[in-house]
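S.K.: Next up is a structure, given as structure tokens.
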Amino acid sequence: MKRKLYVFAALTAVALVLSACGVRYYKFPQYTYAGRPIPPSKFAYRVLASYTSTLSGGLQILDGQRDLRNNIFDANSSYTISGYSGNSPSPILNFPEQVAGYVYAQGDGSLAAIDYGGEKTGGAAATLINRTAVPDGIKVSTDQTMVYSAQETAGQLQVVIRGATQASYSLNLPNVNRVFVNQGNTVVLAMQRNGNNIYRLVKLNSNQAVPPGSVDCQPYQLPVYCLVKVTGSFDRPVGAYFSNDGSQAYILNCGPECGGTTAGVGFLNLSNLTIYNIPTVSPEPNYLSQTVAVPGGVTAALTDGSTLYLSGQQFLADGYWSGNLSTLNLSTKTVTGKYSISDGYHTKMLFGDDNTLWVGSQSCANGERAHQADLGNATQAANYNCLTRFDRSASSVQIVPSVNRNANTTVKYPNQDYNLYYYGDLTGLCWVQSLHKVYTAYGGQIHAFNTSDGSEINNSQITIQGTVLDVAFMDALTNFDN
1 MKRKLYVFAA
11 LTAVALVLSA
21 CGVRYYKFPQ
31 YTYAGRPIPP
41 SKFAYRVLAS
51 YTSTLSGGLQ
61 ILDGQRDLRN
71 NIFDANSSYT
81 ISGYSGNSPS
91 PILNFPEQVA
101 GYVYAQGDGS
111 LAAIDYGGEK
121 TGGAAATLIN
131 RTAVPDGIKV
141 STDQTMVYSA
151 QETAGQLQVV
161 IRGATQASYS
171 LNLPNVNRVF
181 VNQGNTVVLA
191 MQRNGNNIYR
201 LVKLNSNQAV
211 PPGSVDCQPY
221 QLPVYCLVKV
231 TGSFDRPVGA
241 YFSNDGSQAY
251 ILNCGPECGG
261 TTAGVGFLNL
271 SNLTIYNIPT
281 VSPEPNYLSQ
291 TVAVPGGVTA
301 ALTDGSTLYL
311 SGQQFLADGY
321 WSGNLSTLNL
331 STKTVTGKYS
341 ISDGYHTKML
351 FGDDNTLWVG
361 SQSCANGERA
371 HQADLGNATQ
381 AANYNCLTRF
391 DRSASSVQIV
401 PSVNRNANTT
411 VKYPNQDYNL
421 YYYGDLTGLC
431 WVQSLHKVYT
441 AYGGQIHAFN
451 TSDGSEINNS
461 QITIQGTVLD
471 VAFMDALTNF
481 DN
């Protein structure tokens, strides 16, 4: 009997030792990356998903490492941004380097600051007077001191200086719907819907006279900010992508896709276009050094420093629009390649693991690929989904998910509309760095994919109740990575 007790005691001791030495699933290193705080959720690879429902909207935190919405020890647990309740929250402005984010709510016009370290809201980031155009109408400077809001309906560009006492200036610019800010918050460019002009923001010195060529200055008495037209020839500009060295802005001329003439990229030198460079003549000199035509179309861009990747659409002879990815050599300023990708209006471009590039678009079921499906084409040329995986090593294209209604191949995880061949608009995209996966807001729900081959990850444990609008990787190494 004593022997049995000794054996039992020994086994119990071993069990206790093994238990004490067991796997710690939510362990962080003693020194975290860049000194970032350990979050309350204990997730090391957090994906932030914004969603809306019949009642309100919210911000859900997902475990991007394990593809779960809960703690592994509690299936009923969930993690959200505490205190947030915006209506139709999108887009998410992601600043992982600053351990912060900002979320604009389309339904109520609010802009909330998000504390990534505490996984809670930091309150209103700014008070916006009118509704902002999305997705490119709202920007926060990298130093988080300024907010810029392009308010198309009101025809105003609101400039907000954040602080204990908010200062706000609303400059009149009809149909303004886009604003772009460089990394150093020294260049601010505004664009109009269906327009061919670009305007820059100018900050005046104290008691300075209105500079020549200003389209508006505010306040009327003792003005602080002015808008000045940028000299140059543009064709339905829809974006400004700033070069890695900060010397140029790549102006994205949408051209025919937006009712213009020629799609292309304009190379705009910025040294004389900062907010502190006050015009002395009107018009100002032309700082547009060159414009390169891009027949494949241009609405979004991304660069690795040597190649500029451009996505857009080209109008075909059969009367349909066709999506393309074009490559432009930044040294020679020449287009070096064009690849057929998802149709639709392209707004999302992101690098991923395995030397991949991911491109997302909206309204994809009305283009050339859907037309090919209607004709009975059973190849991937008739896959009209909105996400493209581009293998930069092989220069090969994959429409994700790889399905075709004429070949009886279907999506693995249908959305609530139970469409077996089409997920819908791609409205959110983020790269979960080093884990070889991307997360998406795809047709109103979370879908995740492996970067190695484009295969879809089971989303049963990461779906969210409601309509998912956007996603962001909260723990990206740099702001540029997402």
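Take the sequence shown: its letters are residues 1 to 482, numbered as in the UniProt record's numbering.
Beta carbons: idealized from backbone N, C-alpha and C, even for Gly.
1) Going by DSSP in three states, H371 sits in which element: helix, strand or coil?
2) Apart from the five residues just before and just after F8, which ones in its own chain have a Cβ nearer than 6 Å to its Cβ?
3) Look at T327 and T347 and say whether their C-beta atoms are less than 7 Å apart.
4) What's the call for R46, buried or exposed, on a 16-neighbour Cβ count within 10 Å?
5) Starting from the Cα of G86, find the closest Cα among P279, A34, V397, A124 and give me that residue.
6) For F480, count the other beta carbons within 10 Å of its own beta carbon; 16 or more makes it buried, fewer makes it exposed. Which is it?
7) According to DSSP, what are the bridge partners of S326?
8) For the stretch 56-65 and the stretch 140-160, state whether three or more C-beta atom pairs, one from each stretch, are separated by less than 8 Å.
9) Could you name the residues of the same chain whose beta carbon sits closer than 6 Å to that of S289, not counting the 5 residues immediately before and after it, in chain order?
10) Would you kindly report the start and end of the unbroken beta strand (DSSP E) that includes N177?
11) Is Q98 helix, strand or coil by DSSP?
12) Report the three-state DSSP secondary structure of A381 (helix, strand or coil).
13) According to DSSP, is T478 helix, strand or coil?
14) Between the alpha carbons of Q98 and V147, how many angstroms are there, rounded?
15) Between L227 and L189, is the Cβ-Cβ spacing less than 7 Å?
16) What are the partner residues of L173, as DSSP defines its beta bridges?
17) Specify the secondary structure class of S256 as computed by DSSP and reduced to three states.
18) With P237 as the anchor, note down where its beta strand (DSSP E) starts and where it stops.
19) Determine, using beta carbons only, whether T299 and C254 come nearer to each other than 7 Å.
20) When the Cα of D343 is compared with those of N286, C386, R178, which residue comes out closest?
21) Going by DSSP in three states, N406 sits in which element: helix, strand or coil?
22) Give, in chain order, every unbroken run of the beta strand (DSSP E) that is at least 3 residues long and sits entirely within the stretch 425-455.
23) Could you pull the start and end residues of the beta strand (DSSP E) that V265 belongs to?
24) So Y169 packs on E119, CB below 8 Å; how close in whole Å?
25) Rounded to a whole number of angstroms, what is the C-alpha to C-alpha distance between N182 and Y116?
26) Where do the N-terminal and C-terminal ends of the beta strand (DSSP E) with K229 fall, by residue?
27) Identify which residue in A167, S214, D235, A476 has its Cα closest to the Cα of N196.
28) Provide the residue(s) that pair with Q461 in DSSP beta bridges, ordered along the chain.
29) How far does the beta strand (DSSP E) with D216 in it extend, from its first residue to its last?
M.R.: A quick look at the data gives this:
1) The sequence position of residue 371 within the sequence shown is 371, counting from 1. Helix at H371.
2) In the sequence shown, residue 8 corresponds to position 8, counting from 1. Only weak support is given to the placement of F8: the predicted model assigns it a pLDDT of 39, under 50, and the value that follows is read from those uncertain coordinates. Excluding sequence neighbours, F8 sits near nothing in its chain.
3) By 1-based counting over the sequence shown, the position of residue 327 is 327. By 1-based counting over the sequence shown, the position of residue 347 is 347. Their beta carbons are not under 7 Å apart, which means T327 does not touch T347 by this criterion.
4) For the purposes of this step, residue 46 is taken as the residue at position 46 of the sequence shown. Counting the other CB atoms within 10 Å of its CB gives R46 a total of 16 or more, which places it among the buried residues.
5) Position 86 of the sequence shown holds residue 86. Residue A124 holds the alpha-carbon nearest to the alpha-carbon of G86 among P279, A34, V397, A124.
6) Within the sequence shown, the letter at position 480 stands for residue 480. Exposed.
7) Stepping through the sequence shown from its first residue, residue 326 is reached at position 326. S326 pairs with L310, K338.
8) Between the stretch 56-65 and the stretch 140-160 there are fewer than three inter-stretch CB-CB distances shorter than 8 Å, so the stretches are not counted as touching.
9) Sequence index remark: in the sequence shown, residue 289 carries index 289 (1-based). Taking C-beta separations shorter than 6 Å and ignoring five residues to either side along the sequence, the partners of S289 in its chain run F267, N269, following chain order.
10) Looking up residue 177 in the sequence shown gives position 177. N177 -> beta strand (DSSP E) spans 176-181.
11) Residue numbering aside, residue 98 sits at position 98 when the sequence shown is read from its first letter. In this structure, Q98 counts as helix in the three-state DSSP scheme.
12) As a working note, residue 381 is residue 381 in the sequence shown. In the three-state scheme derived from DSSP, where H, G and I count as helix and E and B as strand, A381 is classed as helix.
13) By 1-based counting over the sequence shown, the position of residue 478 is 478. Three-state DSSP puts T478 in coil, outside helix and strand.
14) In the sequence shown, the residue the question calls residue 98 occupies position 98. In the sequence shown, the residue the question calls residue 147 occupies position 147. In this structure, the CA atom of Q98 is about 16 Å from the CA atom of V147.
15) By 1-based counting over the sequence shown, the position of residue 227 is 227. By 1-based counting over the sequence shown, the position of residue 189 is 189. No, they are not a contact pair.
16) Indexing the sequence shown from 1 puts residue 173 at position 173. The partner list for L173 (beta bridge, DSSP) is empty, contrary to what the question assumes.
17) Locating residue 256 in the sequence shown gives position 256, counting from the first residue. This sequence places Pro at residue 256; Ser is not what is there. Three-state result, P256: helix.
18) Looking up residue 237 in the sequence shown gives position 237. From DSSP, the beta strand (DSSP E) with P237 extends over 237-242.
19) The residue labelled residue 299 in the question sits at position 299 within the sequence shown. The residue labelled residue 254 in the question sits at position 254 within the sequence shown. Yes, Cβ-Cβ distance for T299 and C254 is below 7 Å.
20) If you number the sequence shown from 1, residue 343 lands on position 343. Distances from the CA of D343 to each of N286, C386, R178 were compared; the closest alpha carbon is that of C386.
21) Mapped onto the sequence shown, residue 406 falls at position 406. Correct three-state label for N406: helix.
22) Listed in chain order, the beta strand (DSSP E) runs fully inside the stretch 425-455 are 426-432, 437-442, 445-450, counting runs of at least 3 residues.
23) Walking along the sequence shown from the start, residue 265 turns up at place 265. Per DSSP, the unbroken beta strand (DSSP E) holding V265 starts and ends at 264-269.
24) What you label residue 169 is simply residue 169 of the sequence shown in a count that begins at 1. What you label residue 119 is simply residue 119 of the sequence shown in a count that begins at 1. With a contact defined as Cβ atoms closer than 8 Å, Y169 and E119 miss out at about 33 Å.
25) Translated into the one-based positions of the sequence shown, residue 182 becomes position 182. Translated into the one-based positions of the sequence shown, residue 116 becomes position 116. Roughly 23 Å between the two C-alpha positions.
26) As a working note, residue 229 is residue 229 in the sequence shown. If you look at K229, you'll find it in the beta strand (DSSP E) that goes 225-229.
27) By one-based count along the sequence shown, residue 196 stands at place 196. Ranking A167, S214, D235, A476 by CA distance to the CA of N196 puts D235 first.
28) In the sequence shown, the residue the question calls residue 461 occupies position 461. DSSP lists no beta-bridge partner residue for Q461.
29) Residue numbering aside, residue 216 sits at position 216 when the sequence shown is read from its first letter. That run of the beta strand (DSSP E) goes 214-218.
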